[in-house]
Ligand code: F6R
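Numbering (the numbering used here), first residue to last: 766 to 1377.
Below, the structure written as structure tokens:
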């Protein structure tokens, strides 16, 4: 969602803010703005569209200042227009905001009654006016913000500056991520540390409810008006791993990074062909008590969870449910004793998943239930990692492309490690079986590398999708979720309507859609379901559908008229969904490039969905 950057320094920070916004653009990119305090004035520029438009405006107007806030927007309240772009100003106060102020209408009515004039349709503008109003009686900017915060309902992160306080940046974290970047003689804030990596690797991760006051030389964090200590953490992430390198798009780079990302992710848990003894060691007691697993996630992460359900049940006899977080959180699910609740999230900040987790924890405490929570996540410092009992990191490195690729396959690798660990503790899987799967896991990066060799062929096939309006993806077993994932990838970046189905469901409805103009993508690993899948392919062909089959090289499926086959190297059926993710990612990528869409920043979407 929206991205915030701010800073207080001795030097002009306009370029730092712009560079920060560019690195945050994955969070929202419909408009951007910046405000600098300079000699008692707020200098503001805002532009519709990408940060590049704002950068041009700033370089033209040459505005500068050593205190400032900046914002890249993903519209929630009000269209993406210049008036609605942040920062919003009231009197001498400027505000940037990520999140939603749910009671903004009520507050707006009150403020209008007091004579405040609104110039935007945003919920954010109320915050600017409220702080301005509070300053009539509050002795300082900090106190004014402290007076305003209890009036705000919702989830938000704020950055606030005032013309009379040229060395002071106030920030608030309440439900939306915010970090402080600690510099030497200068300090910064951001929604994501990624924005600040070029200037510091020292961060303070604010907790929910924290209000902080930054000056050039000091950082004070307050909870309920009391000063609290928050540790400074040093990060070893480098700037370079967040750049596109030689690739045309982040998404393509991230697709190609998968062999290495998986290797990194499994290396933390494995010693030769066995699980390391210290892998998830602190969870052993908790895991030994669990009777079932409940996975909660959204989007692509939810698809990873769906595959893990097959693994939990087939491999280690552990009952497993998977649910979309936005449903789970609102349907009052029964919280069951001795359950392991697993959140899967690339960002660890997805609003629905986080809310589902918090709600589950609350309800378990209220009913005195013994549950265990854990997160599978790509961001070590995220809210979910901090708020669950245990965590397992996907070591994929920053994922910038909005469409998740390497985060997904590393989630799958991590989930397999979790399944093996729990099975080992519960003794529902033998050490021999573990060793066999681990051997295959080590082999997976090489199989993915070989699969990537099909890139050119997939590009050639993708030309046949460019003019299509609709597409079906079919798979069985663990490849049903891959069919869903393939359809999600295609629709989100190429804007072609796509549906994923369990192939066995074909004749229960979707077969009616199949005609000469309907491409049908088939995922055909060499597993127990292959013959049944071949029958489904016949059903499609008989109705004139054109088949695009990603098939095991020994599946016996051959190319023929209206049946295009891409051979995928043979892989153990258990781990095949990791490998079959690659061709569907490449297909979506190439179709999107050919259709000329903005692959890394598709319309209407944002990377980290911190509002519900
Ligand atoms: C699709 C995609 C989204 C995310 C979803 C959850 O390519 O990336 O569907 O998977 O928004 O995000 P995380 O994993 O950060 O919780």
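Idealized CB from N, CA, C, for every residue including glycine.
From a predicted model like this one, the values you see are computed outputs, not experimental measurements.
Report task. With a cut-off of 5 Å, give the chain-ordered residues whose Cβ is closer than this to any heavy atom of ligand 1. Result -> 1063, 1064, 1065, 1066, 1110, 1111, 1112, 1115, 1168, 1169, 1374
Requested in this report: Taking residue 822 as part of the alpha helix (DSSP H), name the residues at either end of that continuous run.
Outcome: 816-826
Requested in this report: Give a yes or no on whether the minimum CB-CB distance between residue 860 and chain D is below 8 Å.
Outcome: Protein chains in the displayed structure number just one, and chain D is not present.
Report task. Spell out the partners DSSP gives residue 1139 in its beta bridges. Result -> 1107, 1155
Query raised in the report: Unbroken alpha helix (DSSP H) runs of length 4 or more, entirely within the stretch 1267-1332: which are they?
Result: 1295-1307
**Report entry** Strand pairing of residue 946, partner residues [DSSP]
**Finding:** 953, 968
Query raised in the report: Which same chain residues, not among the five before or five after residue 1223, have their C-beta less than 7 Å away from its C-beta?
Result: 1331, 1348, 1351, 1352, 1355
**Report entry** Start and end residues, alpha helix (DSSP H) containing residue 1077
**Finding:** 1064-1081
Query raised in the report: Rounded to a whole number of angstroms, what is the C-alpha to C-alpha distance between residue 1047 and residue 1137?
Result: 12 Å
Query - Segment contact flag, the stretch 1087-1106 with the stretch 1021-1041, C-beta cutoff 8 Å, min 3 pairs - result: no
Query - Inter-residue spacing [alpha-carbon to alpha-carbon] between residue 772 and residue 1256 - result: 38 Å
Query - Any non-hydrogen atom of ligand 2 closer than 7 Å to residue 900 Cβ - result: No copy of ligand 2 appears in this structure; the ligands present are ligand 1.
Query raised in the report: Per DSSP, what kind of secondary structure is residue 1173 in: helix, strand or coil?
Result: helix
Query - Residues near residue 995 in its chain [Cβ-Cβ closer than 6 Å; skip 5 each side] - result: 969, 986
Query - For residue 1354, the three-state DSSP class (helix, strand or coil) - result: helix
Query raised in the report: Is it the case that the Cβ atoms of residue 768 and residue 837 are separated by a distance below 8 Å?
Result: yes
Query raised in the report: Taking the continuous alpha helix (DSSP H) assigned at residue 987, which residues delimit it?
Result: Unbroken run through residue 987 is the beta strand (DSSP E), 984-988; no alpha helix (DSSP H).
Query - DSSP state of residue 796 mapped onto helix, strand, coil - result: strand
Report task. Return the bridge partner residues of residue 842 from the DSSP annotation. Result -> According to DSSP, residue 842 bridges with nothing at all.
Query raised in the report: Would DSSP call residue 871 helix, strand or coil?
Result: helix
Query raised in the report: What is the DSSP secondary structure of residue 1004, counted as helix, strand or coil?
Result: With a pLDDT of 48 at residue 1004, under the threshold of 50, the predicted position of this residue should be treated as unreliable, though the coordinate-derived value follows. If DSSP states are grouped into helix, strand and coil, residue 1004 belongs with coil.
Query - Residue(s) in a DSSP beta bridge with residue 1238 - result: 1265, 1286
Query raised in the report: Is residue 888 helix, strand or coil by DSSP?
Result: coil
Query - Start-end ranges of the alpha helix (DSSP H) lying completely within the stretch 1180-1234, minimum 4 residues - result: 1196-1217, 1220-1227
Requested in this report: For residue 991, write down the residues that DSSP places opposite it in a beta bridge.
Outcome: 988
Requested in this report: Count the other CB atoms, across all protein chains shown, that sit within 10 Å of the CB of residue 858; report buried if there are 16 or more and exposed otherwise.
Outcome: buried
Query - Residue environment, residue 1307, which counts as buried when at least 16 other CB atoms sit within 10 Å - result: exposed
Report task. Have a look at residue 1376 and residue 1062 and give me their C-alpha separation to the nearest angstrom. Result -> 15 Å
Query - Limits of the unbroken alpha helix (DSSP H) element including residue 783 - result: 779-789
Query raised in the report: Is the number of C-beta pairs between the stretch 879-892 and the stretch 859-870 that are closer than 8 Å three or more?
Result: yes
Report task. Within its chain, find whatever has a CB closer than 8 Å to the CB of residue 1190; leave out the 5 residues flanking it on each side and keep chain order. Result -> 1049, 1052, 1053
Report task. Count the other CB atoms, across all protein chains shown, that sit within 10 Å of the CB of residue 1285; report buried if there are 16 or more and exposed otherwise. Result -> buried
Report task. Kindly confirm or deny that the stretch 1305-1319 and the stretch 1171-1187 touch, where touching means at least three C-beta pairs closer than 8 Å. Result -> no
Query raised in the report: For residue 981, which beta-bridge partners are listed by DSSP?
Result: Looking at the DSSP assignment, residue 981 forms no beta bridge with any residue, so it has no partner.
Report task. Count the other CB atoms, across all protein chains shown, that sit within 10 Å of the CB of residue 1004; report buried if there are 16 or more and exposed otherwise. Result -> With a pLDDT of 48 at residue 1004, under the threshold of 50, the predicted position of this residue should be treated as unreliable, though the coordinate-derived value follows. Flag for residue 1004 reads exposed.
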